[in-house]
Structures are given as C-alpha cells and as structure tokens.
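Protein chains in written order, with my numbering: chain V, 136 to 460; chain C, 136 to 460. Even glycine gets a Cβ: it sits at the ideal position worked out from N, Cα and C. Inspection log for the structure reproduced underneath, given as structure tokens.
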C-alpha cells in the first residue's frame with residue numbers, strides 16, 4: 136500500500152498531466168483554468184486510497200476514473216458559481232466573472248461530458264456498475280444544490296433537512312469516490328458498500344467543519360475571508376442550530392443580527408460569532424463533527440477490513456475532519 | 136421491419152411513459168415540462184430505425200438509449216435558450232423564462248446526467264463503445280454551440296466554417312443516433328460507420344433546410360415566426376452565402392438591411408428575403424440541401440445494405456430533408 140502522501144503526489148501529477156487544450160479555445164480554456172486553480176483533490180485521492188486498499192497496480196484504469204471525479208466536482212463548482220453569483224473561487228476570479236455566464240454554462244457542460252469520458256477508462260467489465268454509481272451521484276449533487284438554493288429563502292430549515300441537503304450536495308460525491316475505487320479494485324461487495332457509508336458520514340462531518348471554519352477558522356490558514364456564510368445568511372449547521380435554539384431575548388438578538396446591513400460586516404460577524412458561543416452552537420458543532428466521524432468509523436467495523444486497511448482509512452478521514460483549511 | 140410510422144408510435148409511447156417526477160420538484164418539474172412540449176423526436180426515431188434494420192426485438196435495451204438521445208438533445212436546448220436569451224421554444228415559454236436562469240442551468244445539468252442513466256440500459260457488452268460514441272458527440276455539440284456563439288460577433292464566416300459548425304452542433308447528434316442503433320443491434324462495423332456518415336450528411340441538409348424554412352417557410356406549417364434568424368442577424372447558410380456573394384451595390388444593400396432597426400421587422404425581413412432571391416441564394420439553398428441529401432445516400436452505397444434496408448433509410452432521410460416544419 137502507498138502512503139497517503141505518495142497517493143496525493145500520484146494524483147497531483149496525474150492532474151498536472153491532464154491536457155484539455157483543444158479548439159475552440161473559447162470553450163476549453165475556462166476548463167483548463169478551473170482545473171488549474173487547485174483545491175485539495177480530495178475526491179480522486181479518496182478513490183485512489185480505497186482502490187489502493189486492494190491493489191498496488193496503479194494505472195490509467197484507476198487514475199482516469201479518479202480524475203473523472205475531480206472533473207465532475209469542478210463542473211458543479213463552475214455552475215454553482217453562476218447560480219451563487221460568486222466572484223472568486225480559491226482566491227481566483229470565477230469563470231463567470233473572468234469570462235461570462237454563457238462561457239461558464241457551456242464550459243461546465245463540456246466538463247460534465249468529459250467526466251464521463253474519463254470515467255469510461257475503467258475496466259470494461261466494471262463500467263456498468265461504475266457508471267450507475269456515478270450517475271446516481273450526479274443526480275444527487277444536483278438535488279442537493281437545488282435544496283441549498285431553496286433553503287436561502289426558507290425561514291425555517293430543520294436539522295434533518297440540513298443533513299439531507301449536505302448529504303446530497305457534499306457526502307454523495309465522497310461516498311461515490313470511495314466506493315468507486317473499491318469496485319474498480321474488485322473489492323468484496325460488502326466492503327465496497329461499507330466504504331460508501333463510511334465516506335458518506337465523513338462527508339457530513341467534512342461539510343459541518345466547512346461551515347465551522349467559515350465562521351471560526353483562522354483566516355490565514357482557511358484561505359478565504361471569515362464570515363462569508365454569515366454575510367450571505369447561508370443556512371449553515373451553525374445558523375440552523377441557532378435558529379432552533381434561540382428563544383425570547385436571544386431570538387430577538389438573532390433577528391437583529393441577521394437584519395444588520397452589509398456595511399456593518401465586521402460588527403455583524405462578531406455579533407453572530409458571540410451568539411453562536413452563547414447558544415453553545417460553536418462547541419456543539421465540534422461535537423457533531425466528532426459524532427459523524429465516529430459514525431463513519433463504525434461503518435467499517437465487522438466488515439473484515441485488515442488493521443492496515445483501517446489504519447489508512449482512519450488517517451484519511453482524520454485529515455478531512457481535523458482540518459484547518 | 137417496422138414501418139417508420141410504427142417506429143414513431145413506439146418512440147412516442149416510450150417518451151410518454153417517461154416519468155421523472157421526483158423530489159425536489161423545483162429541479163425535476165422543468166425537465167418534465169421540457170420533455171413534454173414535444174418536438175419531432177428525430178434522434179430516438181433515427182436510432183430505432185437503424186436498430187430495426189437488423190433486429191425486430193424492440194425492448195428497453197434499445198428504447199432507453201434512444202430516449203437518452205432525446206433527453207440529451209433537450210438538455211442542450213434548455214441551456215442554449217439561456218445563452219440565446221430565448222423566450223419561447225416550440226410555441227411555449229422556455230424554462231429560463233417560465234422559471235429562471237438558475238433553474239434552467241441546474242435542471243439542464245441533471246438532464247445531461249439522466250441521459251447517461253438511460254444510455255446505460257444498453258447491452259453491457261456494448262456500453263463501452265456506445266458511451267465513447269455518445270461522449271464524443273456530447274463534446275462536439277458543445278463545440279458547435281461555442282462556434283455558433285462566436286460567429287454572432289464575427290463579421291465574416293466562410294462556408295467551410297459554417298458547415299463545420301452545423302456539423303458539430305446538429306449533424307453529430309444525428310450521426311451518433313444512427314450509429315448507436317446499429318451498434319446496439321450488432322450491425323457489421325462497416326455498416327455502422329456508413330450509417331454514421333450518412334446521418335452526418337443528412338444532418339447538414341437538415342440544418343440548411345432549417346435555415347431555409349426560418350426565412351422562406353410557411354408560417355402556418357413551420358410553427359414559428361418567419362424571419363427570426365434575420366432579425367437576430369444569425370449567420371445562417373443564407374446569410375453566409377449572401378455575404379460571400381454581395382458586391383458593390385448589393386453589398387451596400389445588404390449592409391443597409393442588416394442595419395435596419397428591430398421596429399421595422401416586417402420591412403427588414405421582406406427586404407432580406409428579396410435580396411436572397413436576387414442573389415440566387417434562395418434557390419441555391421434548395422440545391423445545397425439536395426446535394427447533401429445525395430451525398431448522404433452515396434455513403435450507403437457499396438456497403439452491402441439490402442434493398443429493403445436502403446428503402447427505409449431513403450424514406451427516413453427524405454422525411455427529414457423534404458420537410459415543411
């Protein structure tokens with residue numbers, strides 16, 4: 136088995152060797168740009184990690200499908216940025232900002248199609264199962280994005296609704312990545328299914344920690360401005376919980392903070408951070424992340440994984456959950 | 136072999152039995168709407184027709200991939216309507232008009248993904264070849280749309296550039312449809328390739344006739360307003376040819392017509408129609424359609440098709456080329 140560091144290097148070099156440059160440049164340049172501005176490459180890394188639990192033979196039959204996951208992820212980001220009217224992504228101008236919406240729509244479309252091209256490099260006998268898994272995930276991610284948009288104008292979002300949304304929008308792709316690596320490596324069905332459930336729970340923990348870091352992260356480490364979700368009034372785990380808990384005076388306080396204008400950003404963010412602390416939402420978010428992390432590990436127990444396999448999965452999930460960026 | 140009428144009925148009933156209704160409704164309703172507002176269902180019909188040249192066993196393994204072509208086609212229309220700022224499609228409000236751009240983007244995305252879901256119902260041993268064909272087509276359609284948009288602001292478009300663009304935007308999907316039916320039926324490779332080339336040429340003839348009908352069609356039969364392309368200044372076969380031919384006085388006349396404001400629509404359309412007649416562009420468009428039609432039939436000769444098979448293909452292509460709507 137390769138170390139996670141080695142796996143990360145393999146994925147990075149595979150992504151660097153990706154070449155889309157093709158006519159018309161107006162269609163393919165934004166795609167190259169989107170893939171080049173980085174990110175953690177979590178999905179292909181997870182796919183390679185679960186594959187590597189069973190096989191050390193790392194060739195195009197696993198790297199190409201792993202890249203398909205990253206290409207698909209970037210396609211969804213490209214279109215999300217249009218829908219969210221986002222100007223920057225990973226500190227760089229978004230495609231819809233650098234070019235325009237039409238370019239972002241069409242380049243995103245071809246990106247989605249190319250994801251299926253890379254997916255198809257998996258072993259032919261695995262393609263039907265891999266494609267069914269990938270396509271189900273693709274629909275789920277769209278469903279999650281739809282719920283996320285609907286929540287913006289929905290005054291009350293229950294914790295259950297929130298978990299369902301992030302499950303579709305974030306966890307489904309990680310779960311697909313984990314199971315895909317296992318399927319391609321020819322893992323036992325029960326273990327492939329366990330890896331899916333494991334990664335789904337990790338995905339929930341990952342998204343809640345993302346919500347947490349957006350409000351309480353270290354701006355120097357996190358890489359983006361703190362408080363973006365607060366200013367956007369986004370229904371994060373923190374806000375959903377705060378709305379559920381705040382009563383009486385605190386409810387008035389919450390409403391007052393949410394009503395604060397954009398030109399008072401600093402005060403608004405500070406006030407909301409304090410309210411999250413006072414309501415115990417901050418510390419409970421950390422607890423929730425740990426609970427989903429534990430649930431994830433439980434999904435793996437009793438499935439016949441070796442100690443070595445479990446060790447690698449534990450290390451991978453810890454890096455996702457105990458992150459600062 | 137079934138008659139084209141019987142094949143059409145089989146496709147219609149298959150499309151009517153399609154059910155997307157699913158949560159969230161905000162994501163899937165626009166998709167149902169788009170599929171329900173009709174169209175000629177040419178692509179699934181062509182796919183079924185070429186399949187039926189070899190097999191009478193019509194089940195889900197051909198109908199589902201045939202529907203994938205129609206779903207994919209409607210996905211591209213849904214996104215094209217955003218990019219073209221179109222208000223109506225087939226006499227109905229477009230999704231971006233009836234709902235909004237974000238809904239149209241996301242519903243289109245899930246439609247593209249669902250197309251791959253339906254595609255995957257083809258025989259497992261055929262999936263790698265079918266998927267590679269479908270994915271190559273998908274990228275080509277995006278490339279064609281990109282060129283089409285670039286041509287809007289490009290003063291001179293050569294005939295060659297125009298044919299390349301409509302090849303990618305229109306012919307590629309018909310060619311894919313024809314070859315896919317043949318592949319799934321287990322046709323000889325040479326014949327599957329010939330059907331691809333045949334449908335590509337038919338696609339060119341089909342698009343030029345579409346350009347022709349938009350300017351010279353019978354509004355009652357054509358189903359949409361005549362002159363839309365003229366008002367949009369679209370680089371159609373007619374305009375590309377007119378720009379190439381017009382010199383001296385006629386060039387001045389052409390420029391003057393193109394400069395006429397939108398509030399003089401009737402006069403502008405009438406003047407351009409007359410110029411097309413005076414330049415011989417109108418009659419030559421009809422000739423060009425016939426030439427591509429003949430080229431299409433030539434692609435089939437000497438490939439060992441039976442008289443019965445050729446008869447059906449001839450009938451199908453004639454219905455596409457000699458159309459009034």
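Residue i versus residue j - alpha carbon distance
{"i": "residue 308 of chain V", "j": "residue 232 of chain C", "result": "31 Å"}
{"i": "residue 436 of chain V", "j": "residue 444 of chain C", "result": "60 Å"}
{"i": "residue 418 of chain C", "j": "residue 411 of chain C", "result": "9 Å"}
{"i": "residue 446 of chain C", "j": "residue 326 of chain C", "result": "15 Å"}
{"i": "residue 155 of chain C", "j": "residue 166 of chain C", "result": "8 Å"}
{"i": "residue 290 of chain V", "j": "residue 378 of chain V", "result": "9 Å"}
{"i": "residue 337 of chain V", "j": "residue 431 of chain V", "result": "6 Å"}
{"i": "residue 366 of chain C", "j": "residue 403 of chain C", "result": "8 Å"}
{"i": "residue 171 of chain C", "j": "residue 389 of chain C", "result": "40 Å"}
{"i": "residue 348 of chain V", "j": "residue 454 of chain V", "result": "15 Å"}
{"i": "residue 150 of chain C", "j": "residue 272 of chain C", "result": "22 Å"}
{"i": "residue 226 of chain C", "j": "residue 368 of chain C", "result": "21 Å"}
{"i": "residue 281 of chain C", "j": "residue 242 of chain V", "result": "9 Å"}
{"i": "residue 269 of chain C", "j": "residue 415 of chain V", "result": "53 Å"}
{"i": "residue 345 of chain C", "j": "residue 358 of chain C", "result": "12 Å"}
{"i": "residue 158 of chain C", "j": "residue 298 of chain V", "result": "16 Å"}
{"i": "residue 180 of chain V", "j": "residue 340 of chain V", "result": "18 Å"}
Presumed contact (8 Å Cβ cut-off) between residue i and residue j, rounded CB distance
{"i": "residue 319 of chain V", "j": "residue 252 of chain V", "result": "16 Å between Cβ atoms; not a contact."}
{"i": "residue 294 of chain C", "j": "residue 375 of chain C", "result": "6 Å"}
{"i": "residue 146 of chain V", "j": "residue 201 of chain V", "result": "7 Å"}
{"i": "residue 245 of chain C", "j": "residue 162 of chain C", "result": "6 Å"}
{"i": "residue 283 of chain V", "j": "residue 304 of chain V", "result": "6 Å"}
{"i": "residue 258 of chain V", "j": "residue 196 of chain V", "result": "5 Å"}
{"i": "residue 250 of chain C", "j": "residue 306 of chain C", "result": "Not confirmed; about 19 Å, so no contact."}
{"i": "residue 185 of chain V", "j": "residue 267 of chain V", "result": "Between residue 267 of chain V and residue 185 of chain V the Cβ distance is about 18 Å, and since that is not below 8 Å, they are no contact."}
Local conformation of residue i per DSSP, three classes
{"i": "residue 289 of chain C", "result": "coil"}
{"i": "residue 323 of chain V", "result": "coil"}
{"i": "residue 458 of chain C", "result": "coil"}
{"i": "residue 228 of chain V", "result": "strand"}
{"i": "residue 371 of chain C", "result": "coil"}
{"i": "residue 328 of chain V", "result": "helix"}
{"i": "residue 179 of chain C", "result": "helix"}
{"i": "residue 452 of chain C", "result": "helix"}
{"i": "residue 173 of chain C", "result": "coil"}
{"i": "residue 195 of chain C", "result": "helix"}
{"i": "residue 352 of chain V", "result": "coil"}
{"i": "residue 127 of chain C", "result": "Outside the displayed span of chain C (136 to 460) sits residue 127 of chain C, for which this structure offers no information."}
{"i": "residue 242 of chain V", "result": "helix"}
{"i": "residue 341 of chain V", "result": "helix"}
{"i": "residue 416 of chain C", "result": "helix"}
{"i": "residue 251 of chain V", "result": "helix"}
{"i": "residue 137 of chain V", "result": "coil"}
{"i": "residue 147 of chain V", "result": "helix"}
{"i": "residue 155 of chain C", "result": "coil"}
{"i": "residue 257 of chain V", "result": "coil"}
Cβ of residue i within 8 Å of any chain V Cβ
{"i": "residue 248 of chain C", "result": "yes"}
{"i": "residue 277 of chain C", "result": "yes"}
{"i": "residue 218 of chain C", "result": "yes"}
{"i": "residue 289 of chain C", "result": "no"}
{"i": "residue 161 of chain C", "result": "yes"}
{"i": "residue 240 of chain C", "result": "yes"}
{"i": "residue 229 of chain C", "result": "no"}
{"i": "residue 467 of chain C", "result": "In the structure as shown, chain C begins at 136 and stops at 460. Residue 467 of chain C is therefore absent and cannot be evaluated."}
{"i": "residue 233 of chain C", "result": "no"}
{"i": "residue 252 of chain C", "result": "yes"}
{"i": "residue 259 of chain C", "result": "yes"}
Test: residue i CB closer than 8 Å to a CB of chain C
{"i": "residue 280 of chain V", "result": "yes"}
{"i": "residue 168 of chain V", "result": "no"}
{"i": "residue 214 of chain V", "result": "yes"}
{"i": "residue 299 of chain V", "result": "no"}
{"i": "residue 398 of chain V", "result": "no"}
{"i": "residue 245 of chain V", "result": "yes"}
{"i": "residue 453 of chain V", "result": "no"}
{"i": "residue 295 of chain V", "result": "no"}
{"i": "residue 314 of chain V", "result": "no"}
{"i": "residue 285 of chain V", "result": "yes"}
{"i": "residue 267 of chain V", "result": "yes"}
{"i": "residue 273 of chain V", "result": "yes"}
{"i": "residue 270 of chain V", "result": "yes"}
Residue i at chain A interface by Cβ criterion, 8 Å
{"i": "residue 165 of chain V", "result": "Reference to chain A is not applicable here, since the protein chains of this structure are V and C."}
Residues bridged to residue i (per DSSP)
{"i": "residue 223 of chain C", "result": "C:228"}
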